[in-house]
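Trainee: There's a structure below that I have some questions on.
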Amino acid sequence: MTTNSQHTTDEPTTDAALTVLVTGATGRTGSRVARAARAAGHTVRAASRSGEVRFDWHEPATWDAALRGADAAYLAYLPDVGAPGAADAVDALARRAAELGVLHLVLLSARGEDQAHATERSLAESGVARWTVVRASWFAQNFSEGPLVDGLRAGELVFPAGEVLEPFVDVRDIADVVVAVLAAGPRYAGRIVEVSGARLLSFRDAVAEISAAVGRPLVYVPVGAREYGAALTDFGVPEEEVEFLIELFETNLDGRNAHVSDGVREVLGRAPREFTAFVGEAADAGAWKA
Ligand SMILES: NC(=O)c1ccc[n+]([C@@H]2O[C@H](COP(=O)([O-])OP(=O)(O)OC[C@H]3O[C@@H](n4cnc5c(N)ncnc54)[C@H](OP(=O)(O)O)[C@@H]3O)[C@@H](O)[C@H]2O)c1
């Protein structure tokens, strides 16, 4: 964990009910943050382009209604926290949130992603009373929700991750950390909290666990980042996004993240959820049905 501020760690937590804007609320992390925040007694504004509260990162006109009257906000920038335009959008949004009196902003960021540092700085320099960055490892749920699922259902995960080791984090742990950070008031203000799962696995290991859980052969096929990018282009992903993703895969999956982080234990006082347990639950829920 990286510590950026000089606060003390013995400040009391608060059980006050907050109004929390959750961006990306129909997505992997946002849906869990919304659920965890509601379970903790907070009022949630579930926001996205198609959500209960309309919010679009590319349409600043949608921001004020989402922010006004909120005590706190969870920020998940799409398509990626390090994508071109992310730092400027988070800068503008966070400054507006500060002007409107939102007290605490929590930004989801990514471990070992150099491209995300400018976005993190935008948050830190926005003037908001409290900011916290939750820097996560690769999600376990990348395998069960989102772009990797279709390949796995068809029996094959083609991905440019070589044999690199990664401590996949369960997005429910990210959600629990975000809600605990908000409840802790000033305690994690001005801090970057790094979270990961408990155990290093290669993508090949992960696919083998999924294969064992679903009881049919699934294979992992490592490819080069450029080869993978060409396939994304064929699928119609815009060129700028493809170039960003190639650079991201070439750097983020070069072994720099082959270590665990202790943020889940520090904030929640418990171990991260186990990857094997995630696989079992997702298999039972039919995530990889052919
Ligand atoms: N995947 C990983 O392993 C990983 C690891 C660390 C950090 N991250 C970061 O996680 C973030 C993504 O979070 P996630 O995986 O929870 O999201 P996700 O599952 O990809 O879901 C995307 C969410 O954002 C909304 N959305 C899409 N475009 C939007 C826009 N222009 N304006 C407002 N909302 C928009 C979507 O809903 P609508 O379609 O209704 O708008 C949906 O709710 C990124 O910043 C990424 O860098 C990812």
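Each residue of the sequence shown is one higher than the one before, starting from 1047 at the first, in my numbering. Ideal Cβ positions, reconstructed from N, Cα and C, are used throughout, including at glycine.
With burial defined as no fewer than 16 other Cβ atoms inside 10 Å of the residue's Cβ, what is the status of R1091: buried or exposed?
Mentor: By the 10 Å Cβ count, R1091 comes out buried.
Trainee: For A1207, which residues of its own chain have a beta-carbon under 7 Å away from its beta-carbon, when the five flanking residues on both sides are left out?
Mentor: Excluding residues within five positions, the ones whose Cβ falls inside 7 Å are F1249, P1268 and L1299.
Trainee: Is D1126 near ligand 1, in the sense that its beta carbon is under 8 Å from a heavy atom of that ligand?
Mentor: Yes - ligand 1 has a heavy atom lying nearer than 8 Å to the Cβ of D1126.
Trainee: State buried or exposed for E1159, treating a residue as buried only when at least 16 other CB atoms are found within 10 Å of its CB.
Mentor: It is buried - the Cβ of E1159 has at least 16 other Cβ atoms within 10 Å.
Trainee: Go ahead and pull the three-state DSSP assignment for S1077.
Mentor: It is helical.
Trainee: What residue does the alpha helix (DSSP H) around L1294 start on, and which one ends it?
Mentor: Element bounds for L1294: E1285 to N1298.
Trainee: Taking DSSP as the reference, what is the three-state secondary structure of P1232?
Mentor: P1232: helix per DSSP, three-state reduction.
Trainee: Go ahead and pull the three-state DSSP assignment for T1072.
Mentor: The answer is coil: DSSP assigns T1072 none of H, G, I, E or B.
Trainee: Please tell me whether, using a cut-off of 8 Å, the distance from the CB of S1155 to the nearest non-hydrogen atom of ligand 1 is below it.
Mentor: Correct: S1155 has its Cβ closer than 8 Å to ligand 1.
Trainee: Need the endpoints of the alpha helix (DSSP H) that R1176 sits in, please.
Mentor: No alpha helix (DSSP H) holds R1176; the beta strand (DSSP E) holding it covers R1176 to A1182.
Trainee: Skipping 5 residues on each side, what residues in its chain have a beta carbon closer than 7 Å to that of G1309?
Mentor: Around G1309: M1047, V1223, V1239, E1240 and V1241.
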